[in-house]
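Residue numbers 0 to 61, in numbering that gives the first Met the number 0, belong to the letters of the sequence shown in order.
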Amino acid sequence: MLNWFVLNMFFLYFPEDKSEYIPAVLMMAVFVIGAVIVFMLFRRASKREEARVNEKYSELRK
Numbered sequence: 000m001l002n003w004f005v006l007n008m009f010f011l012y013f014p015e016d017k018s019e020y021i022p023a024v025l026m027m028a029v030f031v032i033g034a035v036i037v038f039m040l041f042r043r044a045s046k047r048e049e050a051r052v053n054e055k056y057s058e059l060r061k
């Protein structure tokens, strides 16, 4: 099974000219930065929702 996988990896392409990696690195950086921004937005929204829920249920505890 492993031999079949290794032998069929002929589709991998490693360019001689390393400048072909630049667009891929830029796109990866854009997606990573976007993922971090979305993660921070989710955290901020979650904290706001937690504060609203705690405020609402603190009144019910009394």
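We treat Cβ as the ideally placed atom computed from N, Cα and C, and that holds for glycine.
Secondary structure at Phe13: coil, using DSSP grouped into helix, strand and coil. Ala28 and Lys46 have their C-alpha atoms roughly 27 Å apart. Counting only the Cα atoms, Ala23 lies some 32 Å from Ala44. Per the coordinates, the alpha-carbon of Lys17 lies some 23 Å from the alpha-carbon of Ile32.
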